[in-house]
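Taking it in order: structure first as structure tokens, then the write-up.
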């Protein structure tokens with residue numbers, strides 16, 4: 077017997093956390109893990125166009141970690157008894173190492189760059205922006221409820237990774253990188 081995708085328990089605007097607590101669907105906790113889920117979908121799109129196996133493999137690992145963040149956020153810190161996966165400092169180090177490797181292959185930045193140049197590069201920038209929004213939502217949640225700091229630290233580093241990945245994909249695709257030239 078398979079589980080049904082619809083339960084009808086959310087038809088009145090509430091949803092359940094791991095641990096059974098019911099919250100309105102507009103609650104910051106739901107917004108936080110919902111935005112992480114949205115980010116995961118954008119990472120999946122990015123993985124579909126990554127082109128390099130090494131990049132694709134890391135994006136799969138990132139998607140796994142985003143499921144971990146989502147599980148942490150979807151659990152009521154007071155009532156959940158289910159064991160959950162957790163991020164490790166090594167997950168952040170993995171992103172930092174990937175950033176460093178890519179930066180060694182890139183020309184130094186001399187100015188801000190405008191998002192775009194190729195549709196695949198734009199996917200990176202969209203994912204980066206959604207990542208920043210997810211980070212803000214998780215930090216907002218952490219102002220009032222218990223959230224492990226490593227979750228938003230990971231999102232912060234992930235947004236850095238996505239920016240550097242956009243530059244690397246620009247290079248791999250031989251796409252133009254347009255510097256921002258502010259009009260003053």
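Numbering (my numbering), first residue to last: 77 to 260. For each residue, glycine too, the CB sits at the ideal point set by N, CA and C.
Item: Those residues which DSSP pairs with residue 255 across a bridge; Value: 189
Item: Check whether residue 178 and residue 122 have beta carbons under 8 Å apart; Value: no
Item: According to DSSP, residues forming a beta bridge with residue 174; Value: Bridge partners of residue 174: none, in fact.
Item: Residues near residue 167 in its chain [Cβ-Cβ closer than 7 Å; skip 5 each side]; Value: 141 and 230
Item: Neighbourhood of residue 127 by C-beta distance below 7 Å, restricted to the same chain and skipping five residues each side; Value: 248
Item: For residue 126, three-class secondary structure by DSSP; Value: coil
Item: Beta-carbon proximity check, residue 201 vs residue 246, cutoff 8 Å; Value: no
Item: Three-pair Cβ contact test at 8 Å for the region 201-218 versus the region 108-121; Value: yes
Item: Per-residue DSSP class, three states only, for residue 151; Value: strand
Item: For residue 216 and residue 106, believed in contact at Cβ under 8 Å, the rounded distance; Value: Residue 106 to residue 216, Cβ: 12 Å. No contact.
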